[in-house]
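Protein chains in written order, with this note's numbering: chain A, 213 to 418; chain B, 213 to 418.
2 protein chains.
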Amino acid sequence: MTKEEIPRKAIYRLSIYHRCLQALEENSIETVSSKALARAAGVKPTQLRKDLAYFGQLGTRGLGYNVNTLAEFIGDALGRTKLQPVILVGAGNLGTALLRYRGFNKEGFEIIAAFDRNESKWGKKASGVEIHAFHEIKKFVEENGVRMVILTVPVEEAQGVANDLVRAGIQAILNFSPTVLQVPDGVVVNSVDLALELENLSYFAR
Amino acid sequence: MTKEEIPRKAIYRLSIYHRCLQALEENSIETVSSKALARAAGVKPTQLRKDLAYFGQLGTRGLGYNVNTLAEFIGDALGRTKLQPVILVGAGNLGTALLRYRGFNKEGFEIIAAFDRNESKWGKKASGVEIHAFHEIKKFVEENGVRMVILTVPVEEAQGVANDLVRAGIQAILNFSPTVLQVPDGVVVNSVDLALELENLSYFAR
DNA sequence: TTCTGTGAAAACCTTCACAGCT
DNA sequence: AGCTGTGAAGGTTTTCACAGAA
């Protein structure tokens, strides 16, 4: 069972299961069946079992899954045990809104710094996060072992900035610009394209 | 070639192609090969051709595709010809940031109103969009023929509000809460889960 | 020759059916 | 009995290989 043979989509769903398990933990529920957990996660029970089976036998037949054990196991499998430092590049509208958003911390990610090209922002803080000069990124990334970036710059700048980030040693980019970033192998990009999601919705809503 | 047999993912990619074509149009490029367009969209040429082939013969063999014609065709296929009214529910951090974000308009969507539970916000405007009382949604939706919602309320409220929206006749929800919404058949949900995207990235970044 | 269109093959992912613990 | 684990079947999406038009 190596990392390679687990479907991409299964990994994605694992995060969802993890969330649902956290909710169950908060309600002091100790055991859950694949049926109940699958329902909460919006998938079919067999799929949930299959996904978990990639990692071994995690449940107890006739009983179900232990909530705590399973939550911890998935957390480990996702490499989510320790806090991951993240930087944000582009402290505009969306960027500062994301700095204010507390959802990341709760899930184990900390935005430790922001970067912007606009000199007037340098040294200032937004939601407790200091905004640095853009050209300091490379040094900062190296010194702090940063691997992940949230990219919220205007479309026109996105590819150029992405190139700089790759050069600085960044391995993963969460891209909010409505463009397809070209990056070398070994660098991962997930794009959140708001207009595209709307467009997609409008197609399927009749 | 009915709507039903075209892969979901192909529809999604169509939006990407559309974007790339718009960029080409702005640069006054008249013709593009599947190879070039696929590269820009981050897919393989064969996949692009297959996707387009679902809709008929759109290119010219030996030559490529006409940028204008193809852009217009895809726009039509996506039902993107006329402006779609959208409302935003939950005028908090993320909500107001999205109101400020101009990317929607450019792609043919207009946020015509915002709604919030917080009475102190009622009647105020954020980025030119008026914030209404939450209980006015149903009436507003009916009167304005609104089918789509951007949902940016806190997690705890998300499912409850979604239920209200469905009752008000909403057909599509772009959900930003980190939870899986349960909705009846006929209602479409696309979720943008920021922490989940980060988690996913962190797994694939080594 | 160049580049699209497309049936067939391959890869991938989901679901089924039931074996196997508790 | 109740519920998980899993090989096999089924379905969907991607890629290949090449036919066909400009």
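Using N, Cα and C, we set each Cβ at its ideal position, and we do this for glycine too. Remember, it's a predicted structure, so these values are computed and weren't measured experimentally.
Review point. Looking only at its own chain, which residues have a Cβ that is under 7 Å from the Cβ of R329(A), when we skip the five neighbours before and after it?
Key: Around R329(A): F346.
Check your understanding: If contact means a Cβ-Cβ distance below 7 Å, which residues of the region 366-386 of chain B contact chain A?
Key -> Residues of the region 366-386 of chain B that bring their beta carbon within less than 7 Å of a beta carbon in chain A comprise Q383, A384 and L386, in sequence order.
Exercise for review: Please list the residues of the region 311-337 of chain B that have a C-beta atom closer than 8 Å to any C-beta atom in chain A, keeping them in chain order.
Suggested key: Correct list: R312, Y313, G315, F316, K318, E319, G320 and F321.
Point to revise | Proximal chain B residues relative to R231(A), where beta-carbon distance stays under 7 Å | key: Residues of chain B whose Cβ lies closer than 7 Å to the Cβ of R231(A) are, in chain order, P390.
Review point. Using the C-alpha atoms, what's the distance from A325(A) back to G335(A)?
Key: Each residue's Cα considered, the two are about 11 Å apart.
Point to revise | Separation of E342(A) from A380(A), as counted between CA atoms | key: Spanning the two alpha carbons is a distance of roughly 19 Å.
Check your understanding: Any C-beta of chain A sitting closer than 9 Å to the C-beta of T214(B)?
Key -> Only weak support is given to the placement of T214(B): the predicted model assigns it a pLDDT of 45, under 50, and the value that follows is read from those uncertain coordinates. Interface annotation, T214(B): not in contact with chain A, CB-CB separation never under 9 Å.
Review point. What does R292(B) touch in chain A if you count any residue whose Cβ is under 8 Å from its own?
Key: At a C-beta separation below 8 Å, R292(B) has these neighbours in chain A: E411 and S414.
Check your understanding: When we look at the beta-carbon of A303(B) and count the other beta-carbons within 10 Å, is it buried (16 or more) or exposed?
Key -> Buried, by the Cβ-count rule.
Exercise for review: Quick one: using the 10 Å Cβ neighbour count with 16 as the cut-off for buried, is P366(B) buried or exposed?
Suggested key: That one is exposed.
Review point. Name the DSSP bridge partner or partners of A248(B)?
Key: Note: A248(B) sits in no beta bridge, so no partner.
Point to revise | Between the CA atoms of Y266(B) and S246(B) - distance to the nearest angstrom | key: Straight-line measurement puts the Cα of Y266(B) at about 15 Å from the Cα of S246(B).
Review point. If you draw a straight line from the C-alpha of G340(A) to the C-alpha of N356(A), how long is it?
Key: The straight-line gap from Cα to Cα measures roughly 18 Å.
Check your understanding: Is there a Cβ from chain A that is less than 9 Å from the Cβ of Y277(B)?
Key -> Chain A, which has no Cβ nearer than 9 Å to the Cβ of Y277(B), makes this no.
Practice item. Count the C-beta pairs between the region 220-231 of chain B and the region 400-415 of chain A that are closer than 8 Å, then say yes if the count reaches three, no if not. Key: Short answer: they touch.
Point to revise | Segment limits, beta strand (DSSP E) that includes P396(B) | key: No beta strand (DSSP E) holds P396(B); DSSP gives it neither H nor E.
Practice item. Using a cut-off of 9 Å between C-beta atoms, extract the partners of G302(A) located in chain B. Key: Ordered by position in chain B, no residue passes the 9 Å Cβ test against G302(A), which lies about 13 Å from the chain.
**Study point:** DSSP-derived helix/strand/coil call for G276(A)
**Key:** Note: G276(A) maps to strand in three-state DSSP.
Review point. Whose Cβ in chain B lies nearer than 7 Å to the Cβ of Q296(A)?
Key: By Cβ distance, chain B contributes S414.
Practice item. Could you tell me whether the Cβ of Q259(A) comes closer than 9 Å to any Cβ of chain B? Key: Answer no: the Cβ-Cβ gap between Q259(A) and chain B never drops below 9 Å.
Practice item. Write down the C-beta distance between H230(B) and L311(B) rounded to the nearest angstrom, noting that I regard them as a contact closer than 8 Å. Key: Rounded, the Cβ-Cβ distance is 24 Å, inconsistent with contact.
Review point. Which residues in chain B sit within 7 Å of Y224(A), going by Cβ to Cβ distance?
Key: Here the neighbours are N412.
Check your understanding: What does R418(B) touch in chain A if you count any residue whose Cβ is under 7 Å from its own?
Key -> Chain-order list of chain A residues neighbouring R418(B): Q383, by C-beta distance under 7 Å.
Review point. Where DSSP assigns a beta bridge to H230(A), which residues make up the other side?
Key: Answer is none; H230(A) lacks a bridge partner.
Check your understanding: Comparing the C-beta of I241(B) with each C-beta of chain A, is any distance below 9 Å?
Key -> No - not a single Cβ of chain A is within 9 Å of the one on I241(B).
Check your understanding: Per DSSP, L363(A) forms a beta bridge with which residues?
Key -> Residue pairing by DSSP places L363(A) opposite V301(A) and N387(A) in a beta bridge.
Exercise for review: Output the distance between the C-alpha atoms of V301(B) and Y415(A), rounded to the nearest integer angstrom.
Suggested key: Roughly 21 Å between the two C-alpha positions.
Point to revise | Segments assigned beta strand (DSSP E), at least 3 residues, entirely inside the region 325-350 of chain B | key: Note on the region 325-350 of chain B: whole beta strand (DSSP E) runs with a minimum of 3 residues are 341-345, in chain order.
Check your understanding: Using 8 Å as the threshold, is the region 381-398 of chain B in touch with the region 380-389 of chain A, meaning 3 or more CB pairs across them?
Key -> Judged by Cβ distances under 8 Å, the region 381-398 of chain B makes no contact with the region 380-389 of chain A, as fewer than three pairs qualify.
Check your understanding: For K262(B), which of L236(B), L295(B), V298(B) and I218(B) has the nearest alpha-carbon?
Key -> Ranking the options by Cα distance to K262(B), first place goes to I218(B).
Review point. Where L306(A) and L306(B) are concerned, what is the direct C-alpha to C-alpha distance, given to the nearest angstrom?
Key: Looking at the backbone, the Cα of L306(A) and that of L306(B) are separated by about 8 Å.
Review point. Since D263(A) is in the alpha helix (DSSP H), which residue starts that stretch and which ends it?
Key: Element bounds for D263(A): P257 to A265.
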